[in-house]
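Step one of this worksheet: look at the structure below.
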Amino acid sequence: MLIIFMVSTNVLLWTFSQNAIYTQAVKDENQKSADKLNENIVASSGNYSVLEDEVTVEVILRNGGSVAAQIINLWVLDTNSSNRRYANKSLNYNLNPGDALYLVGSSGVTVIISGANPSHDFISWFVTARGNTIPLEEEQEQGVIIAELAQGIGSLALDFYKFRYFQYETDPPNKLKNYPAGTTSFSVPHATDIALGVALTNLDPSKQTITLYENSLIWLYFPAVPGHTLGPVWYIVKEINGTIQSSYSSVSLEYGQTELVVFASEEMGNFSSSSKVKISDQQQKNSLGAVNLLLYGKIGDRDYGQNIPFVSLYCYET
29 MLIIFMVSTN VLLWTFSQNA IYTQAVKDEN QKSADKLNEN IVASSGNYSV
79 LEDEVTVEVI LRNGGSVAAQ IINLWVLDTN SSNRRYANKS LNYNLNPGDA
129 LYLVGSSGVT VIISGANPSH DFISWFVTAR GNTIPLEEEQ EQGVIIAELA
179 QGIGSLALDF YKFRYFQYET DPPNKLKNYP AGTTSFSVPH ATDIALGVAL
229 TNLDPSKQTI TLYENSLIWL YFPAVPGHTL GPVWYIVKEI NGTIQSSYSS
279 VSLEYGQTEL VVFASEEMGN FSSSSKVKIS DQQQKNSLGA VNLLLYGKIG
329 DRDYGQNIPF VSLYCYET
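Start counting the sequence shown at 29; every next residue gets the next number (our numbering).
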């Protein structure tokens, strides 16, 4: 009886363990299936460019799902070739929920298709690690809207919610404090050295690179102050990881690229501790000023100038 009991107990325990393993495997498979269903990557603003046999795919990928996703492959099919040539490229892009990935300009994905031609039609799709495919559609109506916007106000767009100012570290004196976060605000301190940061995005409908020259600047105008006084001028500067360089070199934005551009010097093309900018006029203290962003440079190989006058700053007493 004891032997029978022991054997029966071992069989029962083994059955329970196998059942637990099976149940866990089913749960894991169900979770994988659920994650695959909840994965929702959207490809928009698609565009193809061809140089000899190189086909470059430009696209904006957004994770609209509730789970993180990994993009592992891109397939491109040339539908005009007689034998329907195609190519693929391995990728490793990770997008958390809500993330956007801008594969535009120099960040576009390039594949080699023998015999590709700019007049050909292409079909492409991305593949995720979970096996979902993301078809790419060329930009159509959205491109018209962007083109109309760019023709109306200019090819550079300003993100108003990311307008910020910076104060300086004591050592080194050309280091921006709390870079790149700064202080996101439309109120700035009076009689304090500050630099201004603006987030600019290149929305040029012809998808050309825009380069900003040392002439680019920000200036303030105080309409409620007696005599309608002009405020200080901040010239564009070149910064690397929050450290402002002593001399300016051009800042370039490719199509679709968003860049935090810093304005900090009262001198064009140069920066030093003596060229830091502050709002020091006593009449401008506790007053509201209109910000004008004057941009000058090149778009492609042509001159480009744009004025963005849509921000105001309150200068408060410190």
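Here a beta-carbon is modelled for each residue, glycine too, at the ideal position from N, C-alpha and C.
These numbers come from a predicted model, not from an experiment.
Contact between LEU228 and VAL289 holds, since their C-beta atoms are separated by about 5 angstroms, short of 8 angstroms. In this structure the stretch 114-133 touches the stretch 97-106; the number of beta carbon pairs closer than 8 angstroms is three or more. Here the C-alpha atom of SER293 lies approximately 15 angstroms from the C-alpha atom of ALA219. Scanning its chain for C-beta atoms nearer than 8 angstroms, with the 5 sequence neighbours on each side dropped, one finds around THR161 the residues TRP153, PHE154, VAL155, in chain order.
About 5 angstroms separates the beta carbons of LEU245 and VAL261, which is inside the 8 angstroms limit, making them a contact pair. In the DSSP assignment, GLU287 forms a beta bridge with LEU228. Assignment of TYR276 by DSSP, reduced to helix, strand and coil, places it in the coil class.
Contact check for ASN101 against ASN116 passes: the beta carbons are separated by less than 8 angstroms. Taking a contact as a CB-CB distance under 8 angstroms, the pair GLN334 and GLY225 does not count as one, their CB atoms being some 18 angstroms apart.
By the criterion of a C-beta distance shorter than 8 angstroms, SER308 is surrounded in its chain by HIS218, ALA219, PRO260, once the five residues flanking it on both sides are discounted.
Bridge pairing for TRP42: absent [DSSP]. Sixteen is the threshold: since fewer than 16 other Cβ atoms of the shown chains lie within 10 Å of the Cβ of ARG112, the residue is exposed. Setting aside the 5 residues that flank it on each side, LEU322 is surrounded in the same chain by LEU245, ASN335, each with a C-beta closer than 6 angstroms to its C-beta; the list follows chain order.
Boundaries for GLY143: no beta strand (DSSP E) harbours it, and the DSSP string shows neither H nor E there.
Judged by pairs of C-beta atoms under 8 angstroms, the stretch 38-47 does not touch the stretch 66-80, as fewer than three such pairs exist.
For LYS117, the enclosing beta strand (DSSP E) stretches over residues 114-123. Here TYR189 has THR212 as same chain residues with Cβ atoms under 8 angstroms from its own Cβ, once five neighbours each way along the sequence are excluded. SER134 sits in a helix when the DSSP states are folded into three classes.
When C-beta atoms of the stretch 69-85 are compared with those of the stretch 137-151, three or more pairs fall below 8 angstroms, so the two segments count as touching.
Under DSSP, LEU186 shares a beta bridge with LEU228. Per DSSP, the unbroken beta strand (DSSP E) holding ILE151 starts and ends at 150-156. TYR76: member of the beta strand (DSSP E) spanning 69-79, first to last residue. For PRO217, the beta-bridge partners assigned by DSSP are TYR344. In the three-state scheme derived from DSSP, where H, G and I count as helix and E and B as strand, ALA48 is classed as helix. By the Cβ neighbour-count rule, ILE238 is buried, with 16 or more other Cβ atoms within 10 Å of its own.
The shortest CA-to-CA distance from ASP149 to any of VAL104, ALA48, THR51 is the one to VAL104. Here the alpha carbon of ASP56 sits roughly 36 angstroms from the alpha carbon of SER73.
DSSP, reduced to helix, strand and coil, places ASN202 outside both helices and strands of the structure shown, so it counts as coil. Within the same chain, Cβ atoms closer than 8 angstroms to the Cβ of THR271 are found at PRO200, ASN202, LYS203, LEU204, the five residues on either side in sequence being excluded.
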